[in-house]
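Enquirer:
In this note's numbering, the protein residues as written are 92 to 358.
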């Protein structure tokens, strides 16, 4: 399939460019914030007793989350995927508009933000974890669509009917792994978590939603990595199949399974 002719730049005002990549982050964060407020305001979803968060807490956490996502995502990408290039040209670290964000780094940055915010507000930390993890797939959906528009993070060569010839991926068709991740980490995971929250009362068991998200993301990412072309500056780490994405996702899988298994003890 021919790659759709979508300019990564939506519009420009002089030297200032507004890109789909940046807009995806803005939309994802704002929609996630609205969904988080909706969850917090629904008293039926939460335990009848014990401290709870308020919509004001979610409003105030928005800035913390944004800083954690952007700073953590960029620092994580540099450390995990692009350290040599940034060491040679430190200015490259600031070129966030050209892409180069790590989900695992963004997750760590958000984790730090959540721990600090929960301590400052005396909020049960697992309650905050659960709400944030419930809305993260919204951002992942838009972020992966932006990766597709940017023609980055494409997959391996293939002859499947839905393959695309990416402008930056050579003359042969490749797996659209950005769309695989948008479907799995975005739409599917968002739907599963919503089902757990609204049908299984998962927010009444602290850590269950967070653990389910982390487990689901790790499994989705490991699966997609088998179809995704590894970053050229790193390649495969071992065996001609093990990638950095897999290595970073394995600890997530262990933590996620632990959180799910122990959730009832925190009810």
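A virtual CB, placed ideally from N, CA and C, is assigned to each residue, including glycine.
Values in this document were obtained by computation on a predicted structure and should not be read as measured data.
Let's see if you can read the secondary structure: which residues bound the alpha helix (DSSP H) around residue 323?
Expert: Neither: residue 323 is in no alpha helix (DSSP H) and is coded neither H nor E.
Enquirer: How would you call residue 154, buried or exposed, if buried means at least 16 neighbouring beta carbons within 10 angstroms?
Expert: With fewer than 16 Cβ atoms within 10 Å of its Cβ, residue 154 is classed as exposed.
Enquirer: Taking 8 Å as the threshold (C-beta atoms), are residue 101 and residue 124 in contact?
Expert: Against a cut-off of 8 Å, the Cβ pair of residue 101 and residue 124 comes out as no contact.
Enquirer: Ignore the nearest five residues each way along the sequence and tell me which others in residue 322's own chain have a CB closer than 6 Å to its CB.
Expert: Result list for residue 322: 172, in chain order.
Enquirer: Would you decide whether residue 160 is buried or exposed? Buried here means 16 or more other CB atoms lie within 10 Å of its CB.
Expert: Buried, since its Cβ has 16 or more Cβ neighbours within 10 Å.
Enquirer: Do you know offhand how far residue 223's Cα is from residue 127's?
Expert: For residue 223 and residue 127, the distance between alpha carbons rounds to 7 Å.
Enquirer: According to DSSP, which residues form a beta bridge with residue 265?
Expert: Answer is 248 and 255.
Enquirer: Taking Cβ positions, are residue 216 and residue 209 nearer each other than 8 Å?
Expert: Taking 8 Å as the Cβ cut-off, residue 216 and residue 209 qualify as a contacting pair.
Enquirer: I need the boundaries of the beta strand (DSSP E) containing residue 110, first residue and last residue.
Expert: Segment 107–110, the beta strand (DSSP E) holding residue 110.
Enquirer: Select from 200, 344, 212 and 134 the residue whose C-alpha is nearest the C-alpha of residue 166.
Expert: Closest option to residue 166, Cα to Cα, is 200.
Enquirer: If you follow the beta strand (DSSP E) that residue 240 is in, where does it begin and where does it stop?
Expert: Looking at the DSSP string, residue 240 is not in any beta strand (DSSP E); the run it does join, the alpha helix (DSSP H), is 216–240.
Enquirer: If you drop the 5 nearest sequence neighbours on each side, which residues of the same chain put their C-beta closer than 8 Å to that of residue 214?
Expert: Cβ within range, chain order: 142, 144, 148 and 208.
Enquirer: Going by alpha carbons, who is nearest to residue 108 out of 99, 312 and 301?
Expert: Checked all of 99, 312 and 301; the closest Cα to residue 108 is 99.
Enquirer: Using 10 angstroms around the beta-carbon of residue 220, count the other beta-carbons present and answer buried if the total reaches 16, otherwise exposed.
Expert: By the neighbour-count rule (16 or more Cβ atoms within 10 Å), residue 220 is buried.
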